[in-house]
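Trainee: Provided herewith is a single structure, encoded as structure tokens, for subsequent inquiry.
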Amino acid sequence: MQSLDALYSLFAEVVTTFAEYGHLSWSEVGPRLEEMTTRSSTFHAAAARLPKTLREWPAYLECRRTVDDFQDALPLIQGFVHASIQRRHWAQLVDCVQPAAPLPAPGAGLTLRQFLDAGPLLHRDEVLDICAAALKEEQMQLKFDALVAQWTSEAFDFVAHKQRGAVVLHVRFNAGSVQGHARARGCWQTHALVVHSRDAASRNV
760 MQSLDALYSL FAEVVTTFAE YGHLSWSEVG PRLEEMTTRS STFHAAAARL
810 PKTLREWPAY LECRRTVDDF QDALPLIQGF VHASIQRRHW AQLVDCVQPA
860 APLPAPGAGL TLRQFLDAGP LLHRDEVLDI CAAALKEEQM QLKFDALVAQ
910 WTSEAFDFVA HKQRGAVVLH VRFNAGSVQG HARARGCWQT HALVVHSRDA
960 ASRNV
């Protein structure tokens, strides 16, 4: 009887807690992500400690499924609350999961429950790919911005060549600057290629 009380107490706490999390607006999800991770791990451990004789009970199965699904969804939630996620990545998510109901934008009332109900778990690998690509794009953008800042302060000195005017770059413009230009160009081309490839893949889903 004591074990049965423990099961239904855990079940009630799981339902109440995840219902509360589901009502969080998207802007509230990030600050509480660590808490959600800890609570779901605590629930998982508590369910594992219950006697084996209770593990076929509907309440146990529902409780365990709810906790397991939430834990599986945590990497997707973490990926999409990251600062690297832009509007285009949300569009890719919608194209990927094809939600039954329209998915509001993060700044237009999106809740955690709406995100989960859209079905990202059914397309877990594809959604994680979107998150990974967003991180790479962010890293390349940061490198590109740093190179732009460097070149903004770069002085270009030209010298005259024959009768054609100042058309030759002065020798003081060293090899490091040329290499920096090559890195900037390569970084931008790679960034554009990643975005184009991701968009093309989304259209072909």
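The letter at position 13 of the sequence shown is residue 772 when you use this note's numbering, and the numbering goes up by one with no holes.
For every residue, glycine included, the Cβ atom is placed at its ideal position computed from N, Cα and C.
#1: Can you name, in chain order, every residue of its own chain whose Cβ lies under 6 Å from the Cβ of A805, other than the five neighbours on each side?
#2: A908 to A892, Cα distance in whole Å?
#3: Pop quiz: C855 and E885 are said to be a contact at Cβ under 8 Å. What is the actual Cβ separation, rounded to whole angstroms?
#4: Assess contact between the region 816–832 and the region 892–903, defined as three or more Cβ pairs (one per stretch) separated by less than 8 Å. Is contact present?
#5: Taking P865 as the reference, give the member of T825, R823 and V853 with the closest Cα.
#6: Return the first residue and the last residue of the alpha helix (DSSP H) that E897 is part of.
#7: By DSSP, does S843 sit in helix, in strand, or in coil?
#8: State buried or exposed for Q851, treating a residue as buried only when at least 16 other CB atoms are found within 10 Å of its CB.
#9: Taking L871 as the reference, give the member of Q761, L833 and R883 with the closest Cα.
#10: Just to confirm the assignment, what range does the alpha helix (DSSP H) spanning E793 have?
#11: Per DSSP, T870 is paired with what?
#12: Sorted by chain position, which residues of the same chain lie with C-beta nearer than 6 Å to P863's C-beta, five sequence neighbours on each side aside?
#13: Since I believe C890 is in contact with F839 (beta carbons under 8 Å), could you give me their beta-carbon distance rounded to a whole number of angstroms?
Mentor: So, to answer that:
#1: So the qualifying residues of the chain are L769.
#2: 24 Å
#3: 5 Å
#4: no
#5: V853
#6: From DSSP, the alpha helix (DSSP H) with E897 extends over R883 to T911.
#7: coil
#8: buried
#9: L833
#10: L792 to R808
#11: S784
#12: L869
#13: 7 Å
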